[in-house]
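Below is one structure; the comments refer to it alone.
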Amino acid sequence: MNLEVRWVEDLLTLERERSISKAAEKRFISQSAFTRRIQQIEEMIGAEVIIRNNKNNIEFTDIGRIMLVMSKNIEKQVEETAKLIKNIKNETESTIRFCVVHSLASGFLTTFLKKFPTFMRDLKIEIVATNSGEGLSLLKEGACDFMICYADRSNINRVGDDILSGIKIAETEIVPVSATEADHTPKHTIQSNFSLLAYSKHAYLRKLVDQLIEGKLIYKTLYETDNATNLKELVLQGLGVAWIPKINVEEDLATGKLVMLDHKEYCLPQDIYIFKNNLSDNKSVQQIWKGFQTQHD
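Take 0 as the starting number for the sequence shown in numbering that gives the first Met the number 0 and just add one per residue.
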């Protein structure tokens with residue numbers, strides 16, 4: 000899929016304005032040109048993104064809502080990257096590279112960064128969102144300095160203590176969640192055939208969820224992505240059930256926007272680790288690692 004950046008802005012503007020003419024004006028193009036852009040998006044994905052039976056108030060199709068979630072996520076990542084760059088002070092030539100699994104790359108990482116040693120504020124930090132397997136491979140190859148990911152005893156053993164060292168920095172649960180009705184009851188349950196919002200097949204969390212539910216629950220997969228943030232947005236829109244790290248939805252659970260489905264047998268505890276390459280001779284990496292060891296002794 001070759002999605003142009005301008006199309007992301009077009010969709011978000013159309014959602015805000017709910018009018019093609021007003022959205023076109025905001026995008027500084029003619030109404031006909033804006034309409035052609037929307038049609039190009041639809042041709043690219045092979046489905047309509049807006050409902051055309053009500054010209055006075057634009058509504059999005061289910062596919063359109065999925066495209067909106069993707070567009071908002073792209074916009075958010077760009078904004079967060081810009082803020083991160085803006086807040087780096089006293090930049091030096093030393094660069095510390097972090098690989099982080101997608102579901103930890105937003106809320107959790109922001110909290111974790113606040114715990115960094117003071118001297119790290121003078122370092123240039125690069126963050127790459129990836130999946131567990133790719134991130135650990137990059138770490139072994141020396142393409143990054145640290146990897147933050149979920150881990151259990153079996154995959155820690157596979158990492159190999161001779162190559163990488165790991166420190167447990169947090170823990171959470173992978174839990175099934177649903178949007179709520181007006182009376183705060185779950186909009187979806189897992190008691191019968193339900194719509195599953197799933198992780199991509201190569202994602203670490205996909206393997207965990209599959210082990211929990213395959214052969215035990217009846218469901219149809221509606222959507223797949225690497226990104227837990229995308230899944231949460233789709234759940235909030237009421238499109239189905241997703242298994243999401245609890246640390247990613249705590250605020251939504253507290254406000255009642257989401258509800259955790261009460262099935263303890265389908266919840267999975269999971270530890271969060273930071274890994275480093277033992278062969279690294281970067282003095283800043285060694286200093287940072289000692290700081291992490293002190294914090295988590």
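Cβ atoms here follow ideal geometry from the backbone N, Cα and C, with glycine treated the same way.
ask   = In chain order, what residues of the same chain lie with their CB nearer than 7 angstroms to the CB of Phe-67, ignoring the 5 residues before and after it?
value = In the sequence shown, the residue the question calls residue 67 occupies position 68. Note on residue identity: the sequence assigns Leu, not Phe, to residue 67. The answer, listed in chain order, is Leu-10, Glu-14 and Phe-59.
query = Are the CB atoms of Glu-232 and Lys-71 nearer to each other than 9 angstroms?
reply = Here residue 232 is taken as the residue at index 233 of the sequence shown, counted from 1. Here residue 71 is taken as the residue at index 72 of the sequence shown, counted from 1. Going by C-beta atoms, Glu-232 is nearer than 9 angstroms to Lys-71.
inquiry  = For Ile-40, report the span of its alpha helix (DSSP H) as first-last.
reply    = Start at 1 with the first residue of the sequence shown, and residue 40 comes out as number 41. Segment 30-44, the alpha helix (DSSP H) holding Ile-40.
task = Indicate the three-state DSSP secondary structure (helix, strand or coil) for Ala-104 in the structure shown.
result = Taking the sequence shown and counting its residues from 1, one reaches residue 104 at position 105. DSSP places Ala-104 in coil when its eight states are reduced to three.
key: Cβ pair Ala-175, Ala-241 closer than 9 angstroms   = The residue you call residue 175 lines up with position 176 of the sequence shown. The residue you call residue 241 lines up with position 242 of the sequence shown. The amino acid at residue 175 is misidentified as Ala; the sequence shows Pro. Yes, they are a contact pair.
inquiry  = From the DSSP secondary-structure annotation, give me the bridge partner or partners of Ser-164.
reply    = As a working mapping, residue 164 is identified with position 165 in the sequence shown. Beta-bridge pairing links Ser-164 to Lys-275.
query = Taking the DSSP output, what are the residues bridged to Phe-145?
reply = Within the sequence shown, the letter at position 146 stands for residue 145. Paired residues: Phe-97 and Lys-275.
query = Would Pro-321 be called buried (16 or more neighbouring beta carbons within 10 Å of its own) or exposed?
reply = The shown model of the chain, from 0 to 296, leaves out residue 321, and the question about it has no answer.
ask   = Using the beta-carbon count (16 or more within 10 Å), is Thr-171 buried or exposed?
value = To locate residue 171, count along the sequence shown from 1; it is residue 172. That one is buried.
ask   = Should Val-4 be labelled buried (16 or more other beta-carbon atoms within 10 Å of its own) or exposed?
value = In the sequence shown, residue 4 corresponds to position 5, counting from 1. Its Cβ having fewer than 16 others within 10 Å, Val-4 is exposed.
task = Note down, in chain order, each residue of its chain lying with its Cβ closer than 8 angstroms to the Cβ of Asp-161, except the 5 sequence neighbours on either side.
result = If you number the sequence shown from 1, residue 161 lands on position 162. Once the five neighbours on either side are set aside, the close Cβ partners of Asp-161 are Asn-277.
key: Residue nearest to Phe-107 in terms of C-alpha spacing, selected from Ala-128, Gly-255 and Thr-94   = Stepping through the sequence shown from its first residue, residue 107 is reached at position 108. Phe-107 has its Cα closest to that of Ala-128, out of Ala-128, Gly-255 and Thr-94.
ask   = When the Cα atoms are used, what is the spatial distance from Ile-44 to Gln-76?
value = Against the sequence shown, residue 44 aligns to sequence position 45. Against the sequence shown, residue 76 aligns to sequence position 77. Each residue's alpha carbon lies about 22 angstroms from the other.
query = What three-state label does DSSP hand Leu-260 in the structure shown?
reply = Position 261 of the sequence shown, counted from the start, is the residue given in the question as residue 260. Three-state DSSP puts Leu-260 in coil, outside helix and strand.
inquiry  = Given the structure, does Ala-150 come close to the ligand NAP, in the sense that its CB is under 8 angstroms from one of the ligand's heavy atoms?
reply    = Absence of the ligand NAP is noted for the structure shown, with no ligands found whatsoever.
query = Would a C-beta distance cut-off of 9 angstroms place Leu-207 and Tyr-265 closer than the cut-off?
reply = For the purposes of this step, residue 207 is identified with residue 208 of the sequence shown, where counting begins at 1. For the purposes of this step, residue 265 is identified with residue 266 of the sequence shown, where counting begins at 1. No, these two residues do not count as a Cβ contact at 9 angstroms.
query = With respect to the beta strand (DSSP E) encompassing Phe-193, which residues constitute its N-terminal and C-terminal limits?
reply = Position 194 of the sequence shown, counted from the first residue, corresponds to residue 193. That run of the beta strand (DSSP E) goes 193-198.
query = Glu-125 lies in the beta strand (DSSP E); which residues open and close that run?
reply = For the purposes of this step, residue 125 is taken as residue 126 along the sequence shown, with counting starting at 1. 123-129 is the span of the beta strand (DSSP E), which, as asked, contains Glu-125.
request  = Ignore the nearest five residues each way along the sequence and tell me which others in Gln-30's own chain have a CB closer than 7 angstroms to its CB.
outcome  = As a first step, residue 30 must be located in the sequence shown, where it is residue number 31. If we look at Gln-30 and ignore the five residues flanking it on each side, its Cβ neighbours are Ile-19, Ser-20 and Ala-23.
task = Using alpha carbons as the reference points, say which of Phe-145, Ala-227, Asn-130 and Lys-219 lies closest to Ile-95.
result = Within the sequence shown, residue 95 is the residue found at index 96, counting from 1. Here the closest residue by C-alpha is Phe-145.
ask   = Hey, Ala-81 and Ile-62 are a contact pair by Cβ (cut 8 angstroms); roughly how many whole angstroms apart?
value = Start at 1 with the first residue of the sequence shown, and residue 81 comes out as number 82. Start at 1 with the first residue of the sequence shown, and residue 62 comes out as number 63. Contact flag wrong, Cβ pair sits at about 29 angstroms.
key: Cα-Cα separation, Leu-138 to Lys-275   = Numbered from 1 along the sequence shown, position 139 holds the residue referred to as residue 138. Numbered from 1 along the sequence shown, position 276 holds the residue referred to as residue 275. If you take the alpha carbons of Leu-138 and Lys-275, they lie about 7 angstroms apart.
request  = Alpha carbon to alpha carbon, how far is Asp-182 from Val-234? Give it in angstroms, no decimals.
outcome  = For the purposes of this step, residue 234 is taken as residue 235 along the sequence shown, with counting starting at 1. For the purposes of this step, residue 182 is taken as residue 183 along the sequence shown, with counting starting at 1. Spanning the two alpha carbons is a distance of roughly 17 angstroms.
key: Residues sharing a beta bridge with Lys-282, DSSP   = Mapped onto the sequence shown, residue 282 falls at position 283. DSSP lists no partner for Lys-282.
request  = Taking Ile-243 as part of the alpha helix (DSSP H), name the residues at either end of that continuous run.
outcome  = Your numbering for residue 243 matches position 244 in the sequence shown. Premise fails: Ile-243 lies in the beta strand (DSSP E), 241-244, not in any alpha helix (DSSP H).
key: Option nearest Asn-130 by Cα separation, candidates Ile-73, Ala-202 and Thr-188   = By 1-based counting over the sequence shown, the position of residue 130 is 131. Here the closest residue by C-alpha is Ala-202.
ask   = When the distance is taken between beta carbons, is Tyr-198 closer than 9 angstroms to Leu-238?
value = As a working note, residue 238 is residue 239 in the sequence shown. As a working note, residue 198 is residue 199 in the sequence shown. No, these two residues do not count as a Cβ contact at 9 angstroms.
request  = Please state whether DSSP places Lys-114 in a helix, a strand or coil.
outcome  = The residue given as residue 114 occupies position 115 in the sequence shown. Looking at Lys-114 - three-state DSSP - the assignment turns out to be coil, as it is neither helix nor strand.
request  = Can you tell me the Cβ-Cβ gap for Asp-151 and Asp-280, rounded? I've got them flagged as a contact below 8 angstroms.
outcome  = The residue labelled residue 151 in the question sits at position 152 within the sequence shown. The residue labelled residue 280 in the question sits at position 281 within the sequence shown. About 30 angstroms separates the two Cβ atoms, so there is no contact after all.
ask   = In chain order, what residues of the same chain lie with their CB nearer than 6 angstroms to the CB of Ile-166, ignoring the 5 residues before and after it?
value = Within the sequence shown, numbered from 1, the residue matching residue 166 stands at position 167. Around Ile-166: Ile-273, Phe-291 and His-295.
ask   = CB-CB under 7 angstroms to Val-56, same chain, minus the five flanking residues each way: which ones, in chain order?
value = Residue mapping note: residue 56 aligns to position 57 of the sequence shown, counting from 1. Note that residue 56 corresponds to Asn in the displayed sequence, not to Val. Only Arg-17 meet the Cβ criterion.
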